[in-house]
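Under our numbering, residue 713 is the last one in the sequence shown; the count climbs by one each step, no gaps.
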Amino acid sequence: MTAIPAEPVTVDMASLLGDPKTNPVPQTPLAKAVAQVPPDEAGAAPSASHFQFRSLLAADQRQLLEARADQLADSLLMDRNALLDFGQSALTKVNQTSSELLTAQRGIELPEADLIVNGILRQLEGFSAKFESGKMKGLGNKLKRAFRSGKATIKAMYRESKSIEQRLDMAAGQTREMELRLADNIARGQQLYRANDESLTGLVAVLAALEQVREVGAKRATEVEARLAAIPEGDPQRPAVFEEAQTLAEGIEALEQTLFDWRQQFFLAYALSPAVRNLIGVSFTMQRRLQVFRTMGLPGGKKSLVMWQQAALAKESAEVGQALSDGTARLIEGAFQAAGQAVAETAKAAQAPILPEQAIWTIRDSIKAQCDGLVEASRWGRTVRGQILTAMETSEKEIGAAVNEARTTIVKEILAGVQAPTPEAPAPDADILEALGVKK
274 MTAIPAEPVT
284 VDMASLLGDP
294 KTNPVPQTPL
304 AKAVAQVPPD
314 EAGAAPSASH
324 FQFRSLLAAD
334 QRQLLEARAD
344 QLADSLLMDR
354 NALLDFGQSA
364 LTKVNQTSSE
374 LLTAQRGIEL
384 PEADLIVNGI
394 LRQLEGFSAK
404 FESGKMKGLG
414 NKLKRAFRSG
424 KATIKAMYRE
434 SKSIEQRLDM
444 AAGQTREMEL
454 RLADNIARGQ
464 QLYRANDESL
474 TGLVAVLAAL
484 EQVREVGAKR
494 ATEVEARLAA
504 IPEGDPQRPA
514 VFEEAQTLAE
524 GIEALEQTLF
534 DWRQQFFLAY
544 ALSPAVRNLI
554 GVSFTMQRRL
564 QVFRTMGLPG
574 GKKSLVMWQQ
584 AALAKESAEV
594 GQALSDGTAR
604 LIEGAFQAAG
614 QAVAETAKAA
624 QAPILPEQAI
634 WTIRDSIKAQ
644 CDGLVEASRW
654 GRTVRGQILT
664 AMETSEKEIG
674 AAVNEARTTI
684 VKEILAGVQA
694 PTPEAPAPDA
704 DILEALGVKK
């Protein structure tokens, strides 16, 4: 069980219950009474109508109508202008109300209605749509579309420049404007309903009076027919009675047409009442629905937006975390791979000898080659030195012998005083003198 508060809760029930004037218009007693009229009653001839509008009148009003029936019949059956003007006051207020409401609702566009009214005006003015300038009409439509498109583009740019929260507030503001417009629509609908209901009452009076006059006219027609039948052909009184019968017949025919027109007007007004009531009802329902959207839906949307943003941030953080995890894993993996390679290579390098085996074999081969070269060089050197020594010794001996022989010969010749033979070649001095240009 729910615990009862220790103190009473203070609430504003008046604000909660609202203004009863905004409630839908209840159905009037007249509308309930006329509800028995068949739907096709407006299309039936007045003489065939089985519904009597006089039955809707109060007793004193019906007695008043019966008392003045003859006087009213004299006026309506014999005076066409009186028949045209009769009952117009019943439409004055509803027509005035309709004009006022149309003025108040001028901002609500009805393209289909515009086309219909324009067609009516063209027919009244004697013009046809085929005489319109297609180029000008096309240009006008293009300008309208460009203007509307430009306005829509500017509004869209302005709207899209706002944050999501601001755009939700804009939606709430526009929804509130529509609520207010619907409230005005409800008020105007109630005004139209009341005016139409008053018009219905007036129409009942008009139709009841016309029914009474039709009954009087029928009685007078029977009486005139009997009088005319009683007057023989050629009687001087017959033309006057015939003229009276003809005038009465024309008046009754005009009355029947007028009654039919007023009956259709009543049907239209009668059908308008539930339609207006329905519009008031759905407008109120839609106003309440828009209020629900504005006070519950959009705030709920804001809360959902907060959650969505949080979810988006959480998802983004998850993506960042996953990226960090992947990056960290790749860093660690790469580090350990590099460390493994470095340790293996370093350990291997640490165990490497100063001289590898191939270097030792190379050194060996080099030393052997050096040794072989030294031996070969030594042998070659010894051989060459031996040859040169032999040559030097031989040459020394021969030189010494030649020197000794030459000295011995010179000495011998000098001592012997032997004249040296004259050579065939010119003496050196002569040659020198000749070279200097001295002739012998």
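Glycine is no exception: its CB is placed at the ideal position from the N, C-alpha and C atoms. Just so you know, these numbers come straight off a predicted model, no measurement behind them.
| Asked | Found |
| --- | --- |
| Is Gln325 helix, strand or coil by DSSP? | coil |
| Using a Cβ-Cβ cutoff of less than 7 Å, which residues in the same chain neighbour Ala527 once the five nearest sequence positions on both sides are dropped? | Arg353, Leu356 |
| Please determine if the region 337-354 and the region 473-491 are in contact, where contact requires at least 3 C-beta pairs separated by less than 8 Å. | yes |
| Let me check understanding here. Comparing Cα to Cα, which of Leu465, Glu438, Gln624, Glu498 lies closest to Glu516? | Glu498 |
| Cβ atoms of Ser472 and Val363: under 8 Å apart, would you say? | The identity of residue 363 in the sequence shown is Ala, whereas the question assumes Val. Yes. Within cutoff. |
| Tell whether a beta-carbon distance below 8 Å holds between Leu465 and Gln560. | no |
| Looking at the C-beta of Ala612, does it have a partner C-beta in chain D at a distance below 8 Å? | Looking for chain D here will not work: only one protein chain is present. |
| Just checking my contact of Trp535 with Val486 at CB under 8 Å: how many whole Å lie between their CB atoms? | No, Trp535 and Val486 are not in contact; Cβ-Cβ is about 12 Å, not under 8 Å. |
| Let's see if you can read the secondary structure: which residues bound the alpha helix (DSSP H) around Thr682? | 630-689 |
| Please classify Phe359 as buried or exposed, where buried requires at least 16 neighbouring CB atoms within 10 angstroms. | buried |
| Roughly how far, in whole angstroms, is the beta-carbon of Ala544 from the beta-carbon of Asn469, given that I think they are within contact range, below 8 Å? | Their Cβ separation, rounded to whole angstroms, is 10 Å, which puts Ala544 and Asn469 out of contact at 8 Å. |
| Helix, strand or coil: which one does DSSP assign to Arg467? | helix |
| Measuring CA to CA, which of Lys685, Met580, Ile640, Gly574 is closest to Arg440? | Gly574 |
| Sorted by chain position, which residues of the same chain lie with C-beta nearer than 8 Å to Leu688's C-beta, five sequence neighbours on each side aside? | none |
| I'd like the ranges of any alpha helix (DSSP H) spanning at least 4 consecutive residues and lying wholly in the region 335-367. | 342-351, 353-358 |
| With a threshold of 8 Å, are at least 3 pairs of Cβ atoms found where one atom belongs to the region 556-572 and the other to the region 440-450? | yes |
| Given this structure, state the Cα-to-Cα distance separating Val549 from Leu329, to the nearest angstrom. | 23 Å |
| Looking at Ile504: is its Cβ nearer than 8 Å to the Cβ of Val514? | yes |
| May I ask which residues mark the beginning and end of the alpha helix (DSSP H) holding Pro547? | 511-565 |
| Given a cut-off of 8 Å on the beta-carbon distance, is the pair Leu532 and Ala494 in contact? | no |
| Distance check for Ser577 and Arg467, CA to CA, integer angstroms please. | 45 Å |
| Could you spell out where the alpha helix (DSSP H) holding Gly600 opens and where it closes? | 571-624 |
| Can the beta-carbon of Ile459 be found closer than 8 Å to that of Phe557? | yes |
| Less than 8 Å between the beta carbons of Leu338 and Ala518, yes or no? | no |
| Which value, in whole angstroms, describes the spacing of the CA atoms of Arg335 and Thr365? | 24 Å |
| Quick check: the Cα distance between Ile553 and Gln463, rounded to an integer number of angstroms? | 7 Å |
| Restricting to Cα atoms, I'd like to know which of Leu453, Trp634, Gly475 is closest to Asn368. | Gly475 |
| Can you give me the C-alpha to C-alpha distance between Thr656 and Ala642, rounded to a whole angstrom? | 21 Å |
| Compute the Euclidean distance between the alpha carbons of Glu666 and Leu647, then round it to the nearest angstrom. | 27 Å |
| Report, in whole angstroms, the separation of the C-beta atoms of Leu571 and Ala444, which I expect to be a contact under 8 Å. | 6 Å |
| Out of curiosity, what's the CA-to-CA distance linking Phe540 and Glu484? | 16 Å |
| In angstroms with no decimal places, state the Cα-to-Cα distance between Arg511 and Arg500. | 9 Å |
| Does Val616 pass the burial test, meaning 16 or more other C-beta atoms within 10 Å, or should it be called exposed? | exposed |
| What did DSSP end up calling Ser472 once you bin it into helix, strand or coil? | helix |
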